[in-house]
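Structure first, commentary second.
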Amino acid sequence: MKIREINAMRGPNYWSIRRHKLIVMVLDLEELEEKPTNKIPGFRERLESLLPSIYTHRCSVGTEGGFLQRVDEGTWMGHVIEHIALEIQTLAGMDTGFGRTRGYGEVGVYHVVFSYMEEKVGRFAAKASVKIAEALIAGEDYDLESDIQYMRELREGERLGPSTGSIIEEAESRGIPWI
Numbered sequence: 021m022k023i024r025e026i027n028a029m030r031g032p033n034y035w036s037i038r039r040h041k042l043i044v045m046v047l048d049l050e051e052l053e054e055k056p057t058n059k060i061p062g063f064r065e066r067l068e069s070l071l072p073s074i075y076t077h078r079c080s081v082g083t084e085g086g087f088l089q090r091v092d093e094g095t096w097m098g099h100v101i102e103h104i105a106l107e108i109q110t111l112a113g114m115d116t117g118f119g120r121t122r123g124y125g126e127v128g129v130y131h132v133v134f135s136y137m138e139e140k141v142g143r144f145a146a147k148a149s150v151k152i153a154e155a156l157i158a159g160e161d162y163d164l165e166s167d168i169q170y171m172r173e174l175r176e177g178e179r180l181g182p183s184t185g186s187i188i189e190e191a192e193s194r195g196i197p198w199i
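Written out as structure tokens, the structure is:
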């Protein structure tokens, strides 16, 4: 797989009017376009072993375990990477929850879109989720804890203090712009 580009949205955009903070990654699946998850032996088991909390992802099925059901049925790696990016941010203390994976207009190339709370963390999550997926496909071990710790450190370095953060959060909930 190859990441072609990673962009951060910071306002109303093509992907969502309500969710302003989105990472948009253009991902070329290369040879994996011909290999959905149900054709990768042991993939679901390795995914669930590394990220057991991914069970809570409902996906389009609408119930807990829905995403893993899609993995069992066979879904493409861009979709898996979207869910990994969301889950590792959640494990780092940033519950984001919005994601979409759509075709780019070229065979095997996808827009992988997911929400973020801190831009640097979102960009890192995009890159890390691809590495995690590659390790899962290859059946290799992956040091997830170091990624999660790094994302926590990035968040602490970027986020606003508690007082300012609360004021900004309230302003956003009321539709009040801020700089």
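Under the working numbering, read the sequence shown as residues 21 to 199, first letter to last.
We put the beta carbon where it would ideally sit given N, CA and C, even for glycine.
| Query | Result |
| --- | --- |
| Counted within 10 angstroms of its Cβ, other Cβ atoms place L180 as buried (16 or more) or exposed | exposed |
| At least three beta-carbon pairs within less than 8 Å, the segment 60-76 to the segment 133-140 | no |
| Distance, M29 Cα to I199 Cα | 16 Å |
| With 16 other Cβ atoms within 10 Å as the buried cut-off, status of L149 | The question names Leu, yet the displayed sequence has Ser at residue 149. The residue is buried, with at least 16 neighbouring Cβ atoms inside 10 Å. |
| Whether P61 touches W96 by CB criterion (7 Å) | no |
| Proximity winner among A145, P182, F118, S166, relative to I37 (alpha-carbon distances) | F118 |
| Closest by C-alpha distance to V46, when choosing among R122, I108, E107, K59 | R122 |
| Among I196, A153, E53, the one whose alpha carbon lies nearest that of E126 | E53 |
| Euclidean distance between Cα positions of E65 and E178 | 35 Å |
| For L180, three-class secondary structure by DSSP | coil |
| I26 vs R194 beta-carbon contact at 7 Å | no |
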